[in-house]
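Here is the structure we will look at.
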Amino acid sequence: MQNNDYEEIRHSDKLVAIILRANYTPAQTTFFSPPDFSQQLGYIVYEKDGVIKTHLHKEVHRKITLTQEVLFIKKGALIVNFYTTNKEYIASRQLYSGDVIFLCSGGHGFEMLEDTEMIEVKQGPYSGKDNDKELIEGVEYDTCQRAFARR
227 MQNNDYEEIR HSDKLVAIIL RANYTPAQTT FFSPPDFSQQ LGYIVYEKDG
277 VIKTHLHKEV HRKITLTQEV LFIKKGALIV NFYTTNKEYI ASRQLYSGDV
327 IFLCSGGHGF EMLEDTEMIE VKQGPYSGKD NDKELIEGVE YDTCQRAFAR
377 R
């Protein structure tokens, strides 16, 4: 599925990323991630006076083998570069303030075009950069090493 406000990045029929542009607005609640993904992304729509019944989430043991991330671009502009699991470059897209990206599989790198602020949501617990990430040679010049070094 793709339009100007919603885009799926795929490689060999594998979902690599989903981009929701700031102006994306569905008519009804829509979930984008397949049910078997360990991270779920949805856009929730309710009319005025709608109610979500009070609830708890049950303890359910899940096995997570791949970290998936959702980034909310709060401010700025950037380029995201996508890679296969074999470290081959796929494509690039620009993201702007208000955009949301769900990084589903493969690799990714970023180049900031402006001062940028993002909110990141991913599964935990965090197992440290040596266990959680493999740095690869990408098309971007990596200016983020100082941020990663603090983790």
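Letter by letter, the sequence shown follows residues 227 to 377 of the working numbering.
Ideal placement from N, C-alpha and C gives every residue a C-beta, glycine not left out.
Owing to the predicted nature of the structure, the values given are computational and were not obtained by experimental measurement.
### Query
According to the neighbour-count rule (16 or more other Cβ atoms, all chains shown, within 10 Å of its Cβ), is D356 buried or exposed?
exposed
### Task
State the CB to CB distance for the pair A243 and F308, rounded to an integer number of angstroms; the pair is presumed to be in contact (CB under 8 Å).
6 Å
### Query
Does the beta-carbon of Q349 have 16 or more other beta-carbons within 10 angstroms, so that it is buried, or is it exposed?
exposed
### Query
In this structure, does DSSP put N307 in helix, strand or coil?
strand
### Message
If the criterion is Cβ atoms closer than 8 Å, does the pair T280 and Y269 meet it?
### Response
no
### Message
In the DSSP assignment, the beta strand (DSSP E) including K300 goes from what residue to what residue?
### Response
E295 to K301
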